[in-house]
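Asker: Here my numbering is used: the first residue of the sequence shown is 1, the next is one more, and so on.
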Amino acid sequence: MRIALVTTQGPFVTGGAELLARSLRDQLVQYGHEAEIVSLPFKWYPPSVLLDQMIAASLTDTSNFNGVPVDLAIGLKFPAYLARHPNLVFWLLHQHRSAYDEWDSGVSDLLH
Numbered sequence: 001m002r003i004a005l006v007t008t009q010g011p012f013v014t015g016g017a018e019l020l021a022r023s024l025r026d027q028l029v030q031y032g033h034e035a036e037i038v039s040l041p042f043k044w045y046p047p048s049v050l051l052d053q054m055i056a057a058s059l060t061d062t063s064n065f066n067g068v069p070v071d072l073a074i075g076l077k078f079p080a081y082l083a084r085h086p087n088l089v090f091w092l093l094h095q096h097r098s099a100y101d102e103w104d105s106g107v108s109d110l111l112h
């Protein structure tokens with residue numbers, strides 16, 4: 001099975017989510033699958049660009065690359081799980097905190 005692990009990453013930033021994506025890819029390959037990480041660039045600030053980032057992710061077609069179909073896409077981080085694929089599942093590592101757990105806290109940058 002050909003599997004695309006769709007995630008986002010800010011250039012020059014590596015953390016636990018990136019390590020998890022690499023480990024998941026390596027495990028999938030070890031079990032006989034063809035797996036690749038597809039990283040979309042992501043900039044979450046200022047809040048005014050967030051909608052553009054979401055639109056860009058939603059316009060990203062991960063159903064095939066170089067004319068070869070991808071059987072499964074696994075969306076990992078916001079907004080990568082908005083990417084297009086007929087067989088898309090989520091492993092929700094990171095939501096956009098300002099829109100979820102920080103929304104009513106008074107610290108969300110989306111409220112300004």
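Where is the CB? At the ideal position from N, CA and C, for every residue including glycine.
Nearest to P86 by alpha carbon, out of F42, L93 and L72?
Answerer: Locating residue 86 in the sequence shown gives position 86, counting from the first residue. When only C-alpha atoms are compared, the closest one is L72.
Asker: When you compare only the Cα positions, how much space is there between G15 and G67?
Answerer: Walking along the sequence shown from the start, residue 15 turns up at place 15. Walking along the sequence shown from the start, residue 67 turns up at place 67. Distance between the alpha carbons of G15 and G67 is about 32 Å.
Asker: Are the CB atoms of V70 and R22 nearer to each other than 9 Å?
Answerer: As a working mapping, residue 70 is identified with position 70 in the sequence shown. As a working mapping, residue 22 is identified with position 22 in the sequence shown. Not a contact, by the Cβ cut-off of 9 Å.
Asker: Would you grab the beta carbon distance between L93 and L76 for me? Rounded to a whole angstrom, and I think it's under 8 Å.
Answerer: Numbered from 1 along the sequence shown, position 93 holds the residue referred to as residue 93. Numbered from 1 along the sequence shown, position 76 holds the residue referred to as residue 76. About 5 Å separates the two Cβ atoms, so the contact holds.
Asker: Which of helix, strand or coil does DSSP assign to G16?
Answerer: Position 16 of the sequence shown, counting from 1, holds the residue named residue 16. The answer is helix: DSSP assigns G16 an H, G or I state.
Asker: Could you tell me whether the Cβ atoms of T8 and F65 are closer together than 9 Å?
Answerer: Locating residue 8 in the sequence shown gives position 8, counting from the first residue. Locating residue 65 in the sequence shown gives position 65, counting from the first residue. Contact flag unset, no.
Asker: Rank F90, Y81, F12 and G32 by C-alpha distance to the C-alpha of Q53 and give the top, closest one.
Answerer: Within the sequence shown, numbered from 1, the residue matching residue 53 stands at position 53. With distances taken between Cα atoms, Q53 lies closest to Y81.
Asker: Considering just the uninterrupted stretch of the beta strand (DSSP E) at Y35, what are its terminal residues?
Answerer: On the sequence shown, residue 35 is found 35 positions in, with the first residue counted as 1. Checking the sequence shown, residue 35 turns out to be Ala, not Tyr. Here the beta strand (DSSP E) through A35 covers E34 to P41.
Asker: Would you list the residues sitting across from A8 in a DSSP beta bridge?
Answerer: Position 8 of the sequence shown holds residue 8. Note that residue 8 is Thr in the sequence shown here, rather than Ala. Its beta-bridge partners are L40.
Asker: Looking only at DSSP bridge pairs, what is N87 linked to?
Answerer: Position 87 of the sequence shown, counting from 1, holds the residue named residue 87. Answer is none; N87 lacks a bridge partner.
Asker: Just curious, the alpha helix (DSSP H) that A57 is in, first and last residue?
Answerer: The residue given as residue 57 occupies position 57 in the sequence shown. A57 -> alpha helix (DSSP H) spans L50 to S58.
Asker: Applying the 10 Å Cβ sphere with the 16-neighbour rule, what's the burial state of L5?
Answerer: The residue given as residue 5 occupies position 5 in the sequence shown. Looking at its Cβ environment, which holds 16 or more other Cβ atoms inside 10 Å, L5 is buried.
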